[in-house]
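Here the structure comes first, spelled out in structure tokens, and everything after it is commentary.
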Amino acid sequence: MLIKIPNKSHLNDSDVTQESVYQERRSLLKQLGFLGAGALISSALANKAKAGFFSDDDVSFKTQALEYQTDTLNQALIKTPEQKIISHNNFYEFGAKKDQPAALSQGFQVKPWQLTISGACDNPMTLDYDDLTKLFPLEERIYRLRCVEAWSMVIPWIGFPLASLLKRVMPNSKANYVAFETLHDPEQMPGQANSRLGGGIQYPYVEGLRIDEAMNPLTLMSVGLYGKTLPPQNGAPIRLVVPWKYGFKSIKSIVSIKLLEQQPPTTWNKLAPNEYGFYANVNPKHDHPRWSQASERRITSGGLFSRNRIETLPFNGYGEQVADLYKGMNLSRHY
Amino acid sequence: MLTRSKVIVLKILIHAGALIPLLNLYTLAFADELGADPVEAVIHFTGIGALNLLLLSLTVTPLAKLTKQGYLLQTRRVIGLYAFTYALFHLINFLAFEVQFDMGLFISEVIQRPYITVGMVAFLLLIALAVTSINKIKRQMGKSWQHLHNFSYLIVLLVTVHFYWSVKSELTTPLFYFFMVIVLLLFRYKKLKALILSTLK
Chain A
15 MLIKIPNKSH LNDSDVTQES VYQERRSLLK QLGFLGAGAL ISSALANKAK AGFFSDDDVS
75 FKTQALEYQT DTLNQALIKT PEQKIISHNN FYEFGAKKDQ PAALSQGFQV KPWQLTISGA
135 CDNPMTLDYD DLTKLFPLEE RIYRLRCVEA WSMVIPWIGF PLASLLKRVM PNSKANYVAF
195 ETLHDPEQMP GQANSRLGGG IQYPYVEGLR IDEAMNPLTL MSVGLYGKTL PPQNGAPIRL
255 VVPWKYGFKS IKSIVSIKLL EQQPPTTWNK LAPNEYGFYA NVNPKHDHPR WSQASERRIT
315 SGGLFSRNRI ETLPFNGYGE QVADLYKGMN LSRHY
Chain B
1433 MLTRSKVIVL KILIHAGALI PLLNLYTLAF ADELGADPVE AVIHFTGIGA LNLLLLSLTV
1493 TPLAKLTKQG YLLQTRRVIG LYAFTYALFH LINFLAFEVQ FDMGLFISEV IQRPYITVGM
1553 VAFLLLIALA VTSINKIKRQ MGKSWQHLHN FSYLIVLLVT VHFYWSVKSE LTTPLFYFFM
1613 VIVLLLFRYK KLKALILSTL K
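One line per chain: the protein sequences are A and B, in this order.
To convert, count from 1 in the first sequence and add 14; that's our numbering.
To convert, count from 1 in the second sequence and add 1432; that's our numbering.
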């Protein structure tokens, strides 16, 4: 007779927690959180908890798989889990709290989309939704993202160099700067309709780069992350990624790119010029007036106890590729 | 219901209302189920929780007077002590999870960042109030106890400044808190006027 002695680590079907039980437990936990917060916390936080609570019922935004060339150079970097990248966002158009963009953006319409490239160039053009992923070969770029709030992530973006796009529109001799603008659509973007939700910043969100910064091979137009098209909270359908600058430079959901002779205004600089400069290069030696920029917390996996505080590197570790752009400039003055 | 039982029921509600959210918060945070950045989440939750409890503790006296329910005053101490507890967790969160025991960074942030300095001053004052809330000490202090505990008005102002100063751009919420603080202080108009005059002399 064959006597089967099961290995201790072997799990039977009966050991598996049924999905319904698992889900129930999760919703119970969430309810607890909601009640606790509701009892104690201001209405603003309660709303946030509510948004998180009901977001399960929403139909989530559908992303599509992309074809791209893998980033072979940076696979050793420990990536931030996808779930964290798509649930922890500063995108005030959908709410100024970190979990609001994911909760309030799932119905965002990206089709049709128009991205206009105009200004000081010989061949202005307008891209539609399909052009964004089809006009240029896509590549993966695993970049560090350093937020001005002193946290950071490592994100596998999918996109194409901004330089490829700019070359196509043929900038003329007057093109010294590039200005970017986010979609302005208060009906779709609740933060633009309600200044409390939208964090009291001016809309539409605008950003800018010097032309040589824009042409640097690191500067990416991103259309996806983790192999799929961008979800709205990360800036669908197309956003900028400038990995050596603080995250707020990497403007999301872009509808306009303009080549200009003069330096364009930028959103955070308009709001608090002493805190946020035009350049906004990651610089551990230049503190934000209200907090240190010398180190950062790298968000990877792990709860409260993960030891994730690391030194911040000049130009976010991309000095070799970009330091030359700022030769002879006083970076404490041009922060 | 007897007054005694009312007080007991109220206190049970206060204990539950303060402790359950705190337990829930850390359970989720340690399991990494509190969003992408549990550190920011626990700092904000305990910070705003401390401010809410401070406001609640200052609401008790005017409420008791308006409704002529004197027994409500018996809840002030426990609410105040929970405000202190939340503030303590807020500080521990910053030290342990934000700066991760980098004492050099901790000290330089407290000294160099005005909003943190203000928060720290408020916390030190809160320690004094919490320690002197013990009955024995309270009795020994006599009249000076009330003088010391008048600092609660200054503390709530400092904490609101700390909050206002800490946000990046959304000012509506901190301004709403300022409004609530002003309303609560207006109930003490005469007392505050006398306090300020006697300090200026």
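Beta carbons are placed, not taken as given, at the ideal position from N, Cα and C, and that holds for glycine.
Item to complete: Please go through the same chain and pick out, in chain order, the residues whose beta-carbon is closer than 7 Å to the beta-carbon of I1547/B, but skip the five residues on each side of it.
Response: Counting from 1 along the second sequence, the entry for residue 1547/B is found at position 115. Correcting the residue identity first, residue 1547/B is Tyr in this sequence and not Ile. Answer for Y1547/B: H1594, W1597, S1598, listed in chain order.
Worksheet item: Is G47/A buried or exposed, if buried means 16 or more other CB atoms sit within 10 Å of its CB?
Response: Your numbering for residue 47/A matches position 33 in the first sequence. Confidence is the limiting factor: at G47/A the pLDDT is only 47, short of 50, which leaves the residue's position unreliable and the question unanswerable from this model.
Worksheet item: Just the Cα atoms here: how many angstroms apart are C1/A and S74/A?
Response: In the structure as shown, chain A starts at 15 and stops at 349, and residue 1/A therefore has no counterpart that could be examined.
Worksheet item: What's the call for I1539/B, buried or exposed, on a 16-neighbour Cβ count within 10 Å?
Response: Sequence index remark: in the second sequence, residue 1539/B carries index 107 (1-based). Exposed is the call here.
Discussion item. Among the candidates Q247/A, P279/A, V269/A, whose CA atom is the shortest distance from the CA of Y191/A?
Written reply: Mapped onto the first sequence, residue 191/A falls at position 177. Out of Q247/A, P279/A, V269/A, P279/A has the C-alpha closest to the C-alpha of Y191/A.
Practice prompt. Can you say whether I169/A is buried or exposed, counting buried as having 16 or more other CB atoms within 10 angstroms of its CB?
Written response: The residue labelled residue 169/A in the question sits at position 155 within the first sequence. Label assigned to I169/A: buried.
Discussion item. Helix, strand or coil, according to DSSP, for M1612/B in the structure here?
Written reply: As a first step, residue 1612/B must be located in the second sequence, where it is residue number 180. Correct three-state label for M1612/B: helix.
Worksheet item: Which two residues bound the contiguous alpha helix (DSSP H) that contains V73/A?
Response: On the first sequence, residue 73/A is found 59 positions in, with the first residue counted as 1. Element bounds for V73/A: n/a, residue is neither H nor E.
Worksheet item: Do L1486/B and A1515/B come within 9 Å of each other at the CB atom, strictly closer than that value?
Response: In the second sequence, counting from the first residue as 1, residue 1515/B sits at position 83. In the second sequence, counting from the first residue as 1, residue 1486/B sits at position 54. Their beta carbons are under 9 Å apart, which means A1515/B touches L1486/B by this criterion.
Practice prompt. Confirm, please, whether the CB-CB distance from S1489/B to S1584/B is below 9 Å.
Written response: On the second sequence, position 152 is the one that residue 1584/B refers to. On the second sequence, position 57 is the one that residue 1489/B refers to. Contact: yes.
Fill in: Bounding residues of the alpha helix (DSSP H) (the contiguous stretch that carries M1535/B)
Residue mapping note: residue 1535/B aligns to position 103 of the second sequence, counting from 1. Its alpha helix (DSSP H) spans residues 1535-1544.
Worksheet item: F1471/B versus chain A: which residues are under 7 Å apart at the beta carbon?
Response: For the purposes of this step, residue 1471/B is taken as the residue at position 39 of the second sequence. According to the sequence displayed, residue 1471/B carries Val and not Phe. Ordered by position in chain A, the residues that pass the 7 Å Cβ test against V1471/B are R311, L318.
Worksheet item: Using 8 Å as the threshold, is the segment 1467-1474 of chain B in touch with the segment 1570-1586 of chain B, meaning 3 or more CB pairs across them?
Response: no
Item to complete: Step through the CB atoms of chain B and report whether any lies within less than 9 Å of the CB of S69/A.
Response: For the purposes of this step, residue 69/A is taken as residue 55 along the first sequence, with counting starting at 1. Summary for S69/A: the model assigns pLDDT 48, below 50, so the residue's position carries little reliability; its value from the coordinates is reported in the next sentence. No, its Cβ sits nowhere closer than 9 Å to a Cβ of chain B.
Discussion item. Does K242/A come out as helix, strand or coil in the three-state DSSP assignment?
Written reply: Translated into positions along the first sequence, residue 242/A becomes position 228. In this structure, K242/A counts as strand in the three-state DSSP scheme.
Discussion item. Give me the chain A residues within the contact set of T1604/B, using Cβ-Cβ distance strictly less than 8 Å, ordered along the chain.
Written reply: Here the question's residue 1604/B lines up with position 172 in the second sequence. S209, R210, G214, listed in chain order.
Worksheet entry | Cβ of R1545/B within 9 Å of any chain A Cβ | For the purposes of this step, residue 1545/B is taken as the residue at position 113 of the second sequence. Yes, its Cβ sits closer than 9 Å to a Cβ of chain A.
Worksheet item: Does the pairing of the segment 77-89 of chain A with the segment 208-216 of chain A give three or more beta-carbon distances under 8 Å?
Response: no
Item to complete: Report all residues from its chain with a CB closer than 8 Å to the CB of P138/A; omit the five preceding and five following residues, and keep chain order.
Response: As a first step, residue 138/A is located in the first sequence; it is residue number 124 there, counting from the start. Contacts found: T130, I131, S132, V183.
Worksheet item: Rounded to a whole number of angstroms, what is the C-alpha to C-alpha distance between M167/A and N103/A?
Response: As a first step, residue 167/A is located in the first sequence; it is residue number 153 there, counting from the start. As a first step, residue 103/A is located in the first sequence; it is residue number 89 there, counting from the start. Rounded to whole angstroms, M167/A to N103/A spans 11 Å at the Cα level.
Worksheet entry | Per-residue burial, A110/A [other beta carbons within 10 Å of its own, 16 or more giving buried] | The residue given as residue 110/A occupies position 96 in the first sequence. Counting Cβ neighbours within 10 Å, A110/A comes out buried, since at least 16 surround it.
Worksheet item: So, are the CB atoms of E227/A and V336/A less than 9 Å apart?
Response: The residue given as residue 227/A occupies position 213 in the first sequence. The residue given as residue 336/A occupies position 322 in the first sequence. Result yes, Cβ atoms of E227/A and V336/A sit closer than 9 Å.
Item to complete: Have a look at P246/A and R311/A and give me their C-alpha separation to the nearest angstrom.
Response: Locating residue 246/A in the first sequence gives position 232, where the first residue counts as 1. Locating residue 311/A in the first sequence gives position 297, where the first residue counts as 1. Straight-line Cα distance between these residues: approximately 25 Å.
Worksheet item: At least one CB of chain B closer than 9 Å to the CB of N330/A: is that the case?
Response: Translated into the one-based positions of the first sequence, residue 330/A becomes position 316. No, because no Cβ of chain B sits closer than 9 Å to the Cβ of N330/A.
Fill in: Under 7 Å (Cβ pairs) to chain B, residues found in the segment 110-121 of chain A
A110, K112, D113
Discussion item. Below 8 Å on the Cβ atoms is my contact criterion, and I expect L265/A with F194/A to pass it. Report the Cβ-Cβ distance as a whole number of Å.
Written reply: As a position in the first sequence, residue 265/A is number 251, starting the count at 1. As a position in the first sequence, residue 194/A is number 180, starting the count at 1. This sequence places Ile at residue 265/A; Leu is not what is there. That pair is a contact at about 5 Å.
Worksheet entry | Spatial distance of T84/A from I268/A (CA atoms) | Start at 1 with the first residue of the first sequence, and residue 84/A comes out as number 70. Start at 1 with the first residue of the first sequence, and residue 268/A comes out as number 254. Roughly 25 Å between the two C-alpha positions.
Worksheet item: What first and last residue would you give for the beta strand (DSSP E) that runs through A193/A?
Response: Taking the first residue of the first sequence as 1, we reach residue 193/A at position 179. 191-196 is the extent of the beta strand (DSSP E) around A193/A.
Worksheet entry | Minimum Cβ-Cβ distance from L285/A to chain B less than 9 Å | Stepping through the first sequence from its first residue, residue 285/A is reached at position 271. Yes, contact with chain B.
Worksheet item: Checking contacts by CB at 9 Å: is Y217/A closer than that to chain B?
Response: Numbered from its first residue, the first sequence carries residue 217/A at position 203. So no, Y217/A is outside the interface.
Worksheet entry | Identified DSSP bridge partners for V255/A | The residue labelled residue 255/A in the question sits at position 241 within the first sequence. The partner list for V255/A (beta bridge, DSSP) reads L234/A.
Discussion item. My output table needs one value for L1498/B: the three-state DSSP class, helix, strand or coil.
Written reply: On the second sequence, residue 1498/B is found 66 positions in, with the first residue counted as 1. Helix, per DSSP.
Practice prompt. Would you decide whether K284/A is buried or exposed? Buried here means 16 or more other CB atoms lie within 10 Å of its CB.
Written response: For this step, residue 284/A is matched to residue 270 along the first sequence. Burial call: exposed.
Worksheet item: Is N344/A helix, strand or coil by DSSP?
Response: Residue mapping note: residue 344/A aligns to position 330 of the first sequence, counting from 1. The answer is coil: DSSP assigns N344/A none of H, G, I, E or B.
Fill in: Straight-line gap, V1531/B to V1613/B (C-alpha atoms, nearest Å)
Position 99 of the second sequence, counted from the start, is the residue given in the question as residue 1531/B. Position 181 of the second sequence, counted from the start, is the residue given in the question as residue 1613/B. The alpha-carbon atoms of V1531/B and V1613/B are separated by roughly 30 Å.
Practice prompt. Reducing DSSP to helix, strand and coil, say where T140/A ends up.
Written response: On the first sequence, residue 140/A is found 126 positions in, with the first residue counted as 1. Note: T140/A maps to strand in three-state DSSP.
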